[in-house]
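Trainee:
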Amino acid sequence: MNDVIQIKVGKMDNFLYIVSSDNEFVVVDPSWGFDEIKNYYKKTGKKLLAVLITHGHFDHTNDLDKIKKYFNDIEIFASDKDSDLFSSDIRFTDISLKDNIKISDFCFDIIQTPGHTPGSVCYLYEGNLFTGDTLFCGACGRVDLPGSNPESMRLSLIKLSSLPDKIVVWPGHNYNSSKTTIGEEKKNNIFIKSASSKDEFLSMVI
Numbered sequence: 006m007n008d009v010i011q012i013k014v015g016k017m018d019n020f021l022y023i024v025s026s027d028n029e030f031v032v033v034d035p036s037w038g039f040d041e042i043k044n045y046y047k048k049t050g051k052k053l054l055a056v057l058i059t060h061g062h063f064d065h066t067n068d069l070d071k072i073k074k075y076f077n078d079i080e081i082f083a084s085d086k087d088s089d090l091f092s093s094d095i096r097f098t099d100i101s102l103k104d105n106i107k108i109s110d111f112c113f114d115i116i117q118t119p120g121h122t123p124g125s126v127c128y129l130y131e132g133n134l135f136t137g138d139t140l141f142c143g144a145c146g147r148v149d150l151p152g153s154n155p156e157s158m159r160l161s162l163i164k165l166s167s168l169p170d171k172i173v174v175w176p177g178h179n180y181n182s183s184k185t186t187i188g189e190e191k192k193n194n195i196f197i198k199s200a201s202s203k204d205e206f207l208s209m210v211i
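Numbers 6 to 211, taken from the numbering used here, label the letters of the sequence shown in order.
1. For a quick check, are the C-beta atoms of isoleucine 212 and leucine 57 less than 9 angstroms apart?
2. Pick out whichever of His65, Ser25 and Asn7 has its Cα sitting closest to the Cα of threonine 136.
3. Output the boundary residues of the alpha helix (DSSP H) element that contains proline 155.
4. Using a Cβ distance threshold of 8 angstroms, determine whether the segment 125 to 141 contacts the segment 67 to 79, with at least three qualifying pairs required.
5. Determine the direct distance from the alpha carbon of threonine 118 to that of serine 84, and round the result to whole angstroms.
6. Under three-state DSSP, which class holds serine 109?
7. How many whole angstroms separate the CB atoms of threonine 59 and valine 33, which I take to be in contact at a CB cut-off of 8 angstroms?
8. Do serine 182 and glycine 143 come within 9 angstroms of each other at the CB atom, strictly closer than that value?
9. Between the segment 167 to 186 and the segment 9 to 27, can you find at least three pairs of beta-carbon atoms closer than 8 angstroms?
10. Check valine 210 in the structure and name its three-state DSSP category.
11. Should cysteine 112 be labelled buried (16 or more other beta-carbon atoms within 10 Å of its own) or exposed?
12. Quick test of your reading: methionine 158 and valine 126, contact by CB under 8 angstroms. State the CB separation rounded to the nearest angstrom.
13. Please name the residue, chosen from Ser101, Asn67 and Lys86, that lies closest to aspartate 94 on a Cα-to-Cα basis.
14. Would you list the one or two residues that DSSP bridges to isoleucine 116?
Here you go:
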């Protein structure tokens with residue numbers, strides 16, 4: 006049985022995620038969560054296999070250096086389109102052209118969702134969607150930052166809304182609520198509801 010553990014860390018209400026099996030685990034967006042990850046490792050004895058990054062902003066990647074030094078054999082996955090946002094010391098496997106990645110018994114589908122950043126992605130794993138700063142509960146990520154693109158965000162939200170309603174959404178921040186579903190967001194999220202109209206969506210986010 007594989008589990009999803011959500012942990013709130015840092016001063017920006019970030020969520021890091023631990024996806025675990027019986028003996029191994031993967032981390033999504035470590036943020037400021039090095040201590041939490043290390044404590045989980047020591048408590049369970051499970052092996053950390055990899056770190057998956059939804060996008061390169063510092064609040065999602067802050068403790069990568071510490072994690073890399075402590076767990077020296079892990080692989081980091083991120084999009085090369087966000088490479089300028091990472092520390093020069095961080096080496097990662099580029100996923101910008103990948104549809105999925107397999108890590109031991111874990112298989113994550115990769116959904117390219119640019120908008121908040123050029124290299125933003127979402128990871129889909131066994132009905133769980135880790136959306137970073139693309140989709141929140143009732144909102145979407147900011148598109149007024151360097152590298153952001155409102156039209157790309159609109160198209161990414163349309164792409165996510167095509168997923169099955171039952172998919173559980175695990176956002177990158179604790180804004181409004183800690184989790185939701187695609188179905189709930191299609192009903193209640195004004196940004197997804199307006200995404201079909203380019204003019205309407207852009208008027209809301211610009």
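No residue lacks a Cβ here, since even glycine has one placed at the ideal position from N, Cα and C.
The structure displayed is predicted, hence computed values, not measured ones.
Mentor: By the coordinates alone:
1. Nothing about residue 212 can be read from this structure; the chain reaches only from 6 to 211.
2. His65
3. 155 to 166
4. no
5. 11 angstroms
6. coil
7. 7 angstroms
8. yes
9. yes
10. helix
11. exposed
12. Not a contact, Cβ separation roughly 13 angstroms.
13. Asn67
14. Cys127
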